[in-house]
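Novice:
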Amino acid sequence: MGNTRVVIETALGEIVAEIFEDRAPITATNFLRYLDAGFYEHGRWYRTVVPDNQPDTEIRIEVIQGGINPERESERFPPI
6 MGNTRVVIET
16 ALGEIVAEIF
26 EDRAPITATN
36 FLRYLDAGFY
46 EHGRWYRTVV
56 PDNQPDTEIR
66 IEVIQGGINP
76 ERESERFPPI
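My numbering puts the first residue of the sequence shown at 6, with every later residue one more than the last.
Dropping the structure here:
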């Protein structure tokens, strides 16, 4: 079974994110739970890390960071 891929639509275009459920099952399940419940509709994506923007780092990563819709903060699920 392959990894789940999701498309994040932004005003600047689409981001395709691969969710590594085999490597981070708890975090991946939690992210997908919020996604399925619509918490990322009108959410904020504010940081991307790609190999090109970390030239002095020996171990490079690829990650995006964001948050749920601020208007839904009070509806958050319990912490994992």
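Glycine is no exception: its CB is placed at the ideal position from the N, C-alpha and C atoms.
1. Who pairs with Glu23 in a beta bridge, going by DSSP?
2. In this structure, does DSSP put Tyr39 in helix, strand or coil?
3. From this set, Thr53, Leu37 and Pro75, which residue's C-alpha is nearest Glu26's C-alpha?
4. Closest to Ile85 by CA distance: which of Leu17, Thr34, Arg28 and Asn8 is it?
5. Less than 8 angstroms between the beta carbons of Gly72 and Gly48, yes or no?
6. Can you look up Ile73 in the DSSP assignment and give me helix, strand or coil?
Specialist: Quick answer:
1. Glu23 pairs with Arg10.
2. helix
3. Measuring from the Cα of Glu26, the nearest candidate turns out to be Leu37.
4. Thr34
5. yes
6. coil
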